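S.K.:
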Amino acid sequence: MRPTLHLLLFGFWLSSTALAQTDAPTKKSLPVKVSGGLNAYAGFYTASGISARNQPSPFGLSGSVTVALPGGISLPFSAVLGNQGSSFRQPFNQFGVSPTYKWATVHAGYRNVSFSPFTLAGHTFLGGGVELNPGKLRLGAVYGRFNKAISTNLAEPDIIPAYQRTGYALKIGYGKSDNYVDLIMLRAKDDTASITSAPQSVSQTVTPAENMVVGLTSRLLILKHITVEVDEAVSAYTRDVRSSLVSAEGSNAVTRFFGKLFTPRLSTQLTQATQAAIGYRGKMAGIKLQYKRIDPNFQTMGAYYFQSDIESYAIAPNLSLLEGKLRLSGSYGIQYDNLVNNKNARTGRSIGSLIVSYNPATAFGIDVQLSNYGISQQAGLRPIIDTLKLAQNNFSATVNTRYTLQSEEVVSLFTLSATRQQLSDLNQRTAAFTNNTNTNLNLGYFYQQIKNGLGANLLLSYTQADMAQGMNTKFYGPTLGVTKNFLTNKLNTSANASYLINQQTNLNGETLNGQVINASANAGYQVSKRQNLNLQLLYLNSNTGVAEQRYNELRGTLGYGISF
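Reading the sequence shown from the start, the letters are residues 1 to 564 in this note's numbering.
(1) Output the distance between the C-alpha atoms of Leu183 and Pro99, rounded to the nearest integer angstrom.
(2) State buried or exposed for Glu323, treating a residue as buried only when at least 16 other CB atoms are found within 10 Å of its CB.
(3) On the three-state DSSP scale, how would you describe Gln406?
(4) What runs of the beta strand (DSSP E), each 3 residues or longer, lie entirely inside the stretch 434 to 514?
(5) Just grab the DSSP bridge partners of Asp231 for me.
(6) Alpha carbon to alpha carbon, what distance is there between Asn39 and Arg293?
(7) Do you know how far the Cα of Ala495 is from the Cα of Lys484?
(8) Using DSSP's beta-bridge definition, name the partner residues of Ala108.
(9) Skipping 5 residues on each side, what residues in its chain have a beta carbon closer than 7 angstroms to that of Ile50?
(10) Which one of Ser267, Ser308, Tyr305, Asn318 has the shortest CA to CA distance from Lys288?
(11) Taking just the CA atoms, how far does Lys343 sit from Gln164?
(12) Using a 10 Å radius around the Cβ and a threshold of 16 neighbouring Cβ atoms, would you call Asp567 buried or exposed?
(13) If you draw a straight line from the C-alpha of Tyr313 to the C-alpha of Ile334, how long is it?
(14) If you draw a straight line from the C-alpha of Tyr101 to the C-alpha of Val228, how long is it?
(15) In terms of alpha-carbon separation, which member of Leu245, Leu223, Thr271 lies closest to Glu232?
(16) Hey, out of Ala519, Met284, Ile501, whose CA is closest to Thr511's CA?
(17) Using CA atoms only, rank isn't needed, just tell me which of Val527, Thr473, Ala162, Asn442 is closest to Lys490.
(18) With a CB to CB cut of under 6 angstroms and the five nearest residues on each side skipped, what residues in its chain are close to Asn393?
(19) In terms of residue numbering, what span does the beta strand (DSSP E) encompassing Glu311 cover?
(20) Under three-state DSSP, which class holds Gln536?
(21) Beta carbon of Asn568, beta carbon of Thr479: below 8 angstroms?
(22) Taking 8 angstroms as the cut-off, decide whether the C-beta atoms of Ser371 and Gly352 are in contact.
(23) Can you give me the C-alpha to C-alpha distance between Leu339 and Asp309, rounded to a whole angstrom?
(24) With DSSP run on the structure shown, which of helix, strand or coil describes Ala303?
(25) State buried or exposed for Asp178, treating a residue as buried only when at least 16 other CB atoms are found within 10 Å of its CB.
(26) When DSSP labels each residue in this structure, what does Ala193 get in the three-state scheme?
(27) For the 8 angstroms Cβ check, are there 3 or more pairs between the stretch 297 to 304 and the stretch 211 to 220?
(28) Using C-beta distances below 6 angstroms, list every residue in its chain close to Ala397, excluding the 5 sequence neighbours before and after it, in chain order.
(29) Starting from the Cα of Ala193, find the closest Cα among Ile222, Arg242, Thr217 and give me that residue.
(30) On the CB-based measure, 16 or more other CB atoms within 10 Å of its CB, does Ala188 come out buried or exposed?
(31) Is the separation between the beta-carbon of Leu413 and that of Phe446 shorter than 8 angstroms?
(32) Excluding five sequence neighbours on each side, which residues of the same chain lie with their C-beta closer than 6 angstroms to the C-beta of Ala456?
(33) I need the DSSP call for Ala169, collapsed to helix, strand or coil.
(34) Taking C-alpha atoms, which residue in Thr362, Ala361, Ile355 lies nearest to Val368?
(35) Less than 8 angstroms between the CB atoms is what I'm expecting for Asn83 and Gly63, so what's the real figure, rounded?
(36) By Cβ distance below 6 angstroms, which residues in the same chain neighbour Asn54 in space, the five residues on each side in sequence not counted?
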């Protein structure tokens, strides 16, 4: 314990020295700013009924330093040392900057840039780029390494190999940030010589790929009330650049131009992705129509993941009444897959939602949210077996109400919330195994004295989950909390306690009764502007009704922190 105590005291001395140097007045701000803090803690832990989940006497020292450089560059460092483990983190594994001056932005290092949802869409690359927006002209270009080469060997068979992937993206457009048209092209390719021959297996096949994507994205404002949004892209994706060449027919200028950038092969697939929306927004009402279609296996090397093989239609209206006191908004949409009819079944989904918000006065308000999600299947290449047919409906309803009483000295808030979620299986052969319903009710009261900092809250909660085959679980009980500030708000204290009764019914029809008791107490004292002390005590008693699952835990922590 003596070396550890010396280490903690040494850390405090370092922080005090840094604090004295940082607080010294300067005539002008430094170009480089350093901030951070040091925290030390020690405590105890005891448990009965279960294996210990912590050290009996945990202690440690943690610190963090952030170096702020000109141009908005931030370098965070952190370290943890203690008997529960030690760690050190620094930001130099992936470091990048994107300084901006007027209408020009330069990217360097590890960056993720988005040109459109279906071309370059936030994929991290190591390289450089530039975005220029002089006036209404919109220009962009990036180049770099999109994937790092990863080799595997017989000694490490679990490592998934990957070829080094290099690419670039170009953007040219016209307009402002909310009213523009952009054309984008992305080109990326794997280096076949970047790794040794990757071992193939049934579960893992790695081949060098190539991709070129040409896309258009626009946001147009028409007549100040109508907006049009379009995102579209065509992707030529070659799964294996080692496959045989395919002669591209045609001699027009477009074919000759793209033929110089991309070579079609037997493993090349040409796919398309489109999403469009048109909306109207007035003073009291609005509506938006949306459409999306993404071909099966659509891919772009400028994004990590796409949900492909879908087509969807949606409508989203909104309405404001009673001078904005009553607001209604909702949406309804349908979605299908199996666009090229190559699956055994076609899955359809319907999604509907409604939100009603009524706030007639500052003191009272009520919000209602309804949503309904349905899924069904139709025969595709083969008829659907009744026992495997998927047909479900998921309904959810939430109601939140609030009522506030406020004076110059006291604020009282009453809340009532209720949630109901129900999964209904429309297939009678499987309904008995999948139907379930969840109900949650919460009644709350919050009290706060403005001047002396005394606060209290009381929450009564009830949760019931009815599951398949007669199983159900209930939790209900109160939660009480108190807060109080002392010594001109230098000492902040709080305490919370909850008592939840637990009832479970298993498959055999047996009912198990138990309870969960949870209590905590906290105190924080502001020693000075940059120094603080804190104390925390936690107690947990869990009893699910099963003797083997009963346990108690008690833990406490005393901490000291200093910032600079």
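By construction, the Cβ of each residue, glycine as well, lies at the ideal position given by its N, Cα and C atoms.
All of these numbers come straight from a predicted model, not from anything done at the bench.
M.R.: In short, the structure shows the following:
(1) 24 angstroms
(2) exposed
(3) strand
(4) 436 to 449, 455 to 466, 472 to 486, 491 to 505
(5) Thr217, Gln275
(6) 53 angstroms
(7) 9 angstroms
(8) Val97, Gly128
(9) Tyr551
(10) Asn318
(11) 33 angstroms
(12) Given that the chain is displayed from residue 1 to residue 564, the structure contains no residue 567 and the question cannot be resolved.
(13) 6 angstroms
(14) 31 angstroms
(15) Thr271
(16) Ile501
(17) Val527
(18) Gly374, Ser424
(19) 310 to 321
(20) strand
(21) Shown here, the chain extends from 1 to 564; a query on residue 568 therefore has no answer.
(22) yes
(23) 6 angstroms
(24) coil
(25) exposed
(26) coil
(27) yes
(28) Leu370, Arg420
(29) Arg242
(30) buried
(31) yes
(32) Tyr447, Val482
(33) strand
(34) Ile355
(35) Not confirmed; about 17 angstroms, so no contact.
(36) Tyr45
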